Amino acid sequence: MTIRAVLFDKDGTLLDFNATWMPMYRTFAGIVAHGDMGLTAELLRQGGQNDAKGIVAAGSLLAVASTGEIAALWASIAPNHGFDDLVLEMDAFFQRESVRAAVPVNGLSEILAGLKQRGLILGLATSDSEEGARASLTPFDVLQHFAYIAGYDSGHGIKPGPGMVNGFIAATDLRADEIMVVGDSGHDMAMGRRAGVGQCVGVLTGTSPRKILSELADHVIDSIADLESLL
1279 MTIRAVLFDK
1289 DGTLLDFNAT
1299 WMPMYRTFAG
1309 IVAHGDMGLT
1319 AELLRQGGQN
1329 DAKGIVAAGS
1339 LLAVASTGEI
1349 AALWASIAPN
1359 HGFDDLVLEM
1369 DAFFQRESVR
1379 AAVPVNGLSE
1389 ILAGLKQRGL
1399 ILGLATSDSE
1409 EGARASLTPF
1419 DVLQHFAYIA
1429 GYDSGHGIKP
1439 GPGMVNGFIA
1449 ATDLRADEIM
1459 VVGDSGHDMA
1469 MGRRAGVGQC
1479 VGVLTGTSPR
1489 KILSELADHV
1499 IDSIADLESL
1509 L
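Laid out in structure tokens, this is it:
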């Protein structure tokens, strides 16, 4: 089996999850709650964010879900949020704010450029919106390295379903067993398994600890900087 392509998750894999998303979740929860600090805390708590510990819980909605899933939860807790379409408002907020809030993992640009120079085909599969993904990565000058970018709204379904991998296959004429999926969550690993990819690799720059990922992935590495050892 020869790996010819790498399909990356974005948040927690290419971007430091907690540093990027916790401030944005906190701010938008406050907007939904109309400044009510108790309600803001409840929205975050039920979503899986623990501000006291500075983490988002592995496998929680805020860690792995699409905007639609998060919006549904928050609307059930704060039904008087005042927006006609909470999903659209969330997507617009995250797309706008992520341009300045996104924190890349160390060496992001150099790592992706190196993989591309090796002849690997690179793709992106994220639970963010497609435009949100492009916006958050634009500051780091890496979009040109990707042959494929899919978000929850790109028409391939959401994780942990295999649709984003299948879309990558269709866009590149690859076989599933030629693809390595790299991500920080159980949803990423399940997506890869369901699509029959060649390797599933977990990284520790997101919300899931090694113990969880080691039960789901073929390999667990500290960050994408260690991918070279697997190729």
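Sequential numbering from 1279 applies to the sequence shown in the numbering used here.
Glycine is no exception: its CB is placed at the ideal position from the N, C-alpha and C atoms.
Predicted model, so just to flag it, every value in this text is computed and none were measured.
### Task
For Tyr1430, write down the residues that DSSP places opposite it in a beta bridge.
Its beta-bridge partners do not exist; DSSP assigns none.
### Message
For Val1358, count the other beta carbons within 10 Å of its own beta carbon; 16 or more makes it buried, fewer makes it exposed. Which is it?
### Response
Looking at the sequence provided, one finds Asn at residue 1358 rather than Val. Exposed, since its Cβ has fewer than 16 Cβ neighbours within 10 Å.
#### Entry: Sub-8 Å separation of Val1475 and Ile1502 beta-carbons
In this structure, Ile1502 does not lie closer than 8 Å to Val1475 by Cβ.
### Query
Helix or strand or just coil, what does DSSP make of Phe1286?
Of the three classes helix, strand and coil, the one that applies to Phe1286 here is strand, per DSSP.
### Message
Can you tell me whether Leu1366 is buried or exposed? The criterion is at least 16 other CB atoms within 10 Å of its CB, across all chains shown.
### Response
Answer is exposed; the Cβ neighbour count stays below 16.
### Task
Give the secondary structure of Phe1295 by DSSP, where H, G and I count as helix, E and B as strand, and everything else as coil.
The three-state reading of DSSP puts Phe1295 in helix, counting H, G and I together.
### Straight-line Cα distance separating Glu1506 from Asp1419
Per the coordinates, the alpha-carbon of Asp1419 lies some 21 Å from the alpha-carbon of Glu1506.
### Task
Rank Asp1496, Ser1492, Ser1463, Leu1494 by C-alpha distance to the C-alpha of Lys1288 and give the top, closest one.
Ser1463 is the residue among Asp1496, Ser1492, Ser1463, Leu1494 whose C-alpha sits nearest the C-alpha of Lys1288.
#### Entry: DSSP-derived helix/strand/coil call for Asn1444
If DSSP states are grouped into helix, strand and coil, Asn1444 belongs with the helices.
### Task
Verify whether the separation of the beta carbon atoms of Thr1485 and Ala1297 is less than 8 Å.
Contact flag unset, no.
### Query
Starting from Ala1403 and walking both ways along the beta strand (DSSP E), at which residues does that stretch end?
DSSP places Ala1403 in the uninterrupted beta strand (DSSP E) bounded by 1399 to 1403.
### Message
For Asp1314 and Thr1305, I'd like the C-alpha separation in whole angstroms.
### Response
Straight-line spacing of the CA atoms in Asp1314 and Thr1305 works out to 12 Å.
### Message
Do Leu1317 and Ile1511 count as a contact pair if the criterion is CB distance below 8 Å?
### Response
The structure shown does not extend to residue 1511, since the chain is modelled only from 1279 to 1509, so the question has no answer here.
### Query
In three-state DSSP terms, what is Met1469?
Met1469 falls in the helix class under three-state DSSP.
#### Entry: Beta-carbon proximity list for Arg1412, same chain, < 7 Å, skipping 5 on both sides
Closer than 7 Å at Cβ, skipping near neighbours: Leu1421, Ile1427.
### Task
Tell me where the alpha helix (DSSP H) around Gln1422 begins and ends.
DSSP places Gln1422 outside any alpha helix (DSSP H), giving it a letter other than H or E.
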